[in-house]
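Trainee: Here this note's numbering is used: the first residue of the sequence shown is 1233, the next is one more, and so on. Cβ atoms here follow ideal geometry from the backbone N, Cα and C, with glycine treated the same way. Note that this is a predicted model, so its numbers are computed, not measured.
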Amino acid sequence: MVAQRKMIDVDDSPELIRLLDQVGESKETTWLRRNGQPIAVIKPVSPRARRPRRRMDPDEARRVLRETAGGWKGLVDTDKLIEDIYADRELPSRELPDL
């Protein structure tokens, strides 16, 4: 399930509109601080062009799967990889950079 993004309408806030215009013009991510502590990040949104989906021919898909099956064999210790993934989940989240 995809999390819904929280949207806030800022049409009635001239100060926020001015700030968002600055971020949009600079096209740079901007950190907001309160009492010296970072509390939010404003990141400009760039429109993405949607690429048409390429439909792979079923015979080509089978061929590609046959050619790539087992490609990692002997290169990756899967038990160690799984162990590392679970260990990394226990690490604390990264900290915010000092501004």
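Give the straight-line distance between the Cα atoms of residue 1275 and residue 1323, rounded to the nearest whole angstrom.
Mentor: Reading the sequence shown from its first residue, position 43 is the one you call residue 1275. Reading the sequence shown from its first residue, position 91 is the one you call residue 1323. One C-alpha to the other measures close to 27 Å.
Trainee: May I have the straight-line CA-CA distance separating residue 1299 from residue 1307, to the nearest angstrom?
Mentor: In the sequence shown, the residue the question calls residue 1299 occupies position 67. In the sequence shown, the residue the question calls residue 1307 occupies position 75. Each residue's alpha carbon lies about 16 Å from the other.
Trainee: DSSP state of residue 1273, grouped into three classes?
Mentor: Here residue 1273 is taken as the residue at index 41 of the sequence shown, counted from 1. Looking at residue 1273 - three-state DSSP - the assignment turns out to be strand.
Trainee: Can you name the start and end residues of the alpha helix (DSSP H) that residue 1313 belongs to?
Mentor: The residue you call residue 1313 lines up with position 81 of the sequence shown. From DSSP, the alpha helix (DSSP H) with residue 1313 extends over 1310 to 1321.
Trainee: State the beta-bridge partners of residue 1264 as determined by DSSP.
Mentor: Looking up residue 1264 in the sequence shown gives position 32. 1272, per the DSSP bridge assignment.
Trainee: In whole angstroms, what separates the C-alpha of residue 1249 from that of residue 1293?
Mentor: Position 17 of the sequence shown, counted from the first residue, corresponds to residue 1249. Position 61 of the sequence shown, counted from the first residue, corresponds to residue 1293. For residue 1249 and residue 1293, the distance between alpha carbons rounds to 49 Å.
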